[in-house]
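Peer 1: Could you have a look at this structure, given as structure tokens, before my questions?
Protein chains: 2
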Amino acid sequence: MKILLKLMYLGENYCGWQVQENGKTVQGELCRAFREICGKDVRVTGCSRTDSGVHAKEYFCTAETDGIFGIPCGKLPLAVNAHLDRDISVRSAKEVPKDFHARYDVKYKTYEYVIDNGVTHDPFLEKRSWHVPKKLSETVMDEAAKIFVGEKNFAAFMASGSKVTDTVRRITEASVRREGENVIFRVTGNGFLYNMVRIMTGTLVEVSLGKKSVKDIASALDCGDRKKAGMTAPAEGLYLVSVVY
Amino acid sequence: MKILLKLMYLGENYCGWQVQENGKTVQGELCRAFREICGKDVRVTGCSRTDSGVHAKEYFCTAETDGIFGIPCGKLPLAVNAHLDRDISVRSAKEVPKDFHARYDVKYKTYEYVIDNGVTHDPFLEKRSWHVPKKLSETVMDEAAKIFVGEKNFAAFMASGSKVTDTVRRITEASVRREGENVIFRVTGNGFLYNMVRIMTGTLVEVSLGKKSVKDIASALDCGDRKKAGMTAPAEGLYLVSVVY
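Heads up: the sequence lines are chains A and S, in that order. In case it helps, numbering that gives the first Met the number 0 puts the first sequence at residues 0 to 244. In case it helps, numbering that gives the first Met the number 0 puts the second sequence at residues 0 to 244.
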């Protein structure tokens, strides 16, 4: 039996999604919760690996056992939440076919990156944003972001040391907007390389601050050299906001 | 010299505004920060006493010394923030006349109370809202809230044991709206009794859940008996959002 769970989590207290030997992870906490509820091991597969500190407004994972869960699907969210800390919430659960894959069946994912652009910081966005006190231009950043749209080789926008060899991804939307003092980068694609959104964000900020130009982004995309792209924005401003199967 | 500071703070880690012997408070932290910066004691006076756990999106206080601060007004926010935890932020500072009083000169204050009305909880609102999983009607609550508007005796909406004797306050706005899964009560007045907004909120929730009627609110206002009003909503959903001098 395979159940698809919709989750939200605040990444602040987690070493990302994936189970680690040392450090609390979201997957690890879910596995523990299911073990406590079902009295047996349950295989939990996520839609994406998120880094330490990254948040998810919408995240999907499957939970799978050889038998049944022993608890009706509709009651799973509250049952699992009772075994989790309050910074993770299972929002809904439904049965899916055995051949459904939480990760490989994803068509598009959307991320948002929140920059607190106030001169002084917003305490409500502490650990939930990147505080950049120098005034940014959302217009300049939005225009620059358009260069990411299309099927491109994002090798320069991947953390150095990553072993992925196919670095082509299709980005369908990339935009920057302002909401009060916050500047928000939103990007949708069929897949993302390691640290890709964070490097895109860091690069767009550098463009707005005059340290890089749109030409530099174009040449980074062309040559695939990580050094040509901008800095990696911190994890804490990044949110997975939507996953489409 | 008297400086008016605009602050924001997340109340989660504070025993409210006012200095206490035991427990970290916002006023206490500000006094410490000023002592560290100016090398002398500075008198800090707030616009309002907020309870333990209550948040402020906008809060004003004055800082006062017999002499000068030794640091220009425009540089105070960043200087003070450097001596505070990140859940408090001084947003701006300006000099005010000696006879300005942060508390007595307040004309109106506006509070918002955030209820997380999702069946499952929103982890991003943990310690920042009251989770009420039963479906609430913002329409019913909004209509009921109108009874609070006007100059009335709010004795029934004051924590029992409070020593205040003049319990008449003027409420100029009281409304309830829905934003997605959140139900938000907003109230503006010339003053508020101890726990008044939290008791108003608890009462409105009970009206929506059919445990109280608008008639009950009317009779609570008439007789001034705390027992006739509803429960006290938890502190963590309450935000001071605007202060007008």
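Note that CB positions come from ideal geometry on N, CA and C, so glycine has one too.
(1) For residue 229 of chain A and residue 41 of chain A, what's the separation of their Cα atoms in angstroms?
(2) If residue 177 of chain S and residue 137 of chain S are in contact, beta carbons under 8 Å, what's the gap, nearest whole angstrom?
(3) Any residues in the stretch 116-132 of chain S with a beta carbon nearer than 7 Å to a beta carbon of chain A? Which ones, in chain order?
(4) Using 8 Å for Cβ pairs, my map puts residue 184 of chain S next to residue 111 of chain S. What's the rounded Cβ distance?
(5) Cβ closer than 8 Å: which chain S residues qualify as neighbours of residue 87 of chain A?
(6) Quick check: is the beta carbon of residue 185 of chain S nearer than 8 Å to any beta carbon in chain A?
(7) Quick check: the stretch 205-212 of chain S against the stretch 231-238 of chain S, are at least 3 beta-carbon pairs closer than 8 Å?
(8) I believe residue 189 of chain A touches residue 107 of chain A by the beta-carbon criterion, under 8 Å. Please report the beta-carbon distance rounded to the nearest angstrom.
(9) Residue 76 of chain S CB to nearest chain A CB: under 8 Å?
(10) Hey, is residue 90 of chain A's beta-carbon within less than 8 Å of any beta-carbon in chain S?
(11) Thinking C-alpha only, which one of A:244, A:6 and A:241 is nearest residue 122 of chain S?
(12) So residue 171 of chain S is in the beta strand (DSSP E); what residue range does that whole segment cover?
(13) Between residue 9 of chain S and chain A, is the shortest Cβ-Cβ distance under 8 Å, so that the two count as touching?
(14) Of all the beta strand (DSSP E) runs that stay within the bounds of the stretch 50-96 of chain A, which reach a length of 3 or more residues?
(15) From residue 15 of chain S to residue 48 of chain S, what distance separates their C-alpha atoms?
(16) Answer yes or no: do residue 45 of chain S and residue 26 of chain S have a C-beta to C-beta separation smaller than 8 Å?
(17) Please identify, using Cβ separations under 8 Å, the residues of the stretch 152-178 of chain A that lie next to chain S, in order along the chain.
(18) Indicate whether at least one CB of chain S lies closer than 8 Å to the CB of residue 80 of chain A.
(19) Name the two residues that bound the continuous alpha helix (DSSP H) containing residue 214 of chain S.
(20) When you compare each of S:135, S:201, S:59 and S:87 to residue 103 of chain S by their alpha carbons, which one comes out closest?
(21) Between which two residues does the beta strand (DSSP E) carrying residue 237 of chain S extend?
(22) For residue 10 of chain S, name the three-state secondary structure that DSSP assigns.
(23) Can you check whether the CB of residue 113 of chain S is closer than 8 Å to the CB of residue 181 of chain S?
(24) Within 10 Å of its beta-carbon, does residue 28 of chain A have 16 or more other beta-carbons around it, so buried, or fewer, so exposed?
(25) Helix, strand or coil: how does DSSP classify residue 245 of chain A here?
(26) Going by C-alpha distance, which of A:11, A:69 and A:32 is nearest residue 0 of chain A?
(27) By DSSP's criteria, residue 200 of chain S is part of a beta bridge. Which residues make up the other side?
Peer 2: A quick look at the data gives this:
(1) When only Cα atoms are considered, residue 229 of chain A and residue 41 of chain A end up about 41 Å apart.
(2) Yes, they are in contact, since the Cβ atoms of residue 177 of chain S and residue 137 of chain S sit about 4 Å apart, within 8 Å.
(3) Among the residues of the stretch 116-132 of chain S, those with a Cβ less than 7 Å away from any Cβ of chain A are 119, 120, 121, 122, 123 and 125, in the order of the chain.
(4) Sure, about 7 Å apart at Cβ, within 8 Å.
(5) Those are 122, listed as they occur along chain S.
(6) Using a CB distance cut-off of 8 Å, residue 185 of chain S does not count as an interface residue toward chain A.
(7) The stretch 231-238 of chain S, when compared against the stretch 205-212 of chain S, does not touch it at the 8 Å Cβ threshold.
(8) Here residue 189 of chain A really is in contact with residue 107 of chain A; their C-beta atoms are around 6 Å apart, less than 8 Å.
(9) The beta-carbon of residue 76 of chain S is placed less than 8 Å from the nearest beta-carbon of chain A.
(10) Look at residue 90 of chain A: its C-beta is under 8 Å from a C-beta on chain S.
(11) With distances taken between CA atoms, residue 122 of chain S lies nearest to A:6 out of A:244, A:6 and A:241.
(12) Taken as a continuous stretch (DSSP letters only), the beta strand (DSSP E) holding residue 171 of chain S covers 167-178.
(13) Interface residue, yes.
(14) Within the stretch 50-96 of chain A, the complete beta strand (DSSP E) runs of at least 3 residues are 54-63 and 87-95.
(15) As the crow flies, the alpha-carbon of residue 15 of chain S is around 7 Å from that of residue 48 of chain S.
(16) Contact flag set, yes.
(17) Listed by position, the residues of the stretch 152-178 of chain A near chain S (Cβ gap below 8 Å) amount to none.
(18) With a threshold of 8 Å between beta carbons, residue 80 of chain A makes contact with chain S.
(19) Boundaries of the alpha helix (DSSP H) harbouring residue 214 of chain S: 213-222, taken from the DSSP string.
(20) Answer by Cα proximity: S:59.
(21) Segment 237-243, the beta strand (DSSP E) holding residue 237 of chain S.
(22) Correct three-state label for residue 10 of chain S: helix.
(23) Cβ distance < 8 Å, so residue 181 of chain S and residue 113 of chain S count as in contact.
(24) It is buried - the Cβ of residue 28 of chain A has at least 16 other Cβ atoms within 10 Å.
(25) Given that chain A is displayed from residue 0 to residue 244, the structure contains no residue 245 of chain A and the question cannot be resolved.
(26) Out of A:11, A:69 and A:32, A:69 has the C-alpha closest to the C-alpha of residue 0 of chain A.
(27) DSSP, once it has assigned bridges, lists no residue as partnering residue 200 of chain S.
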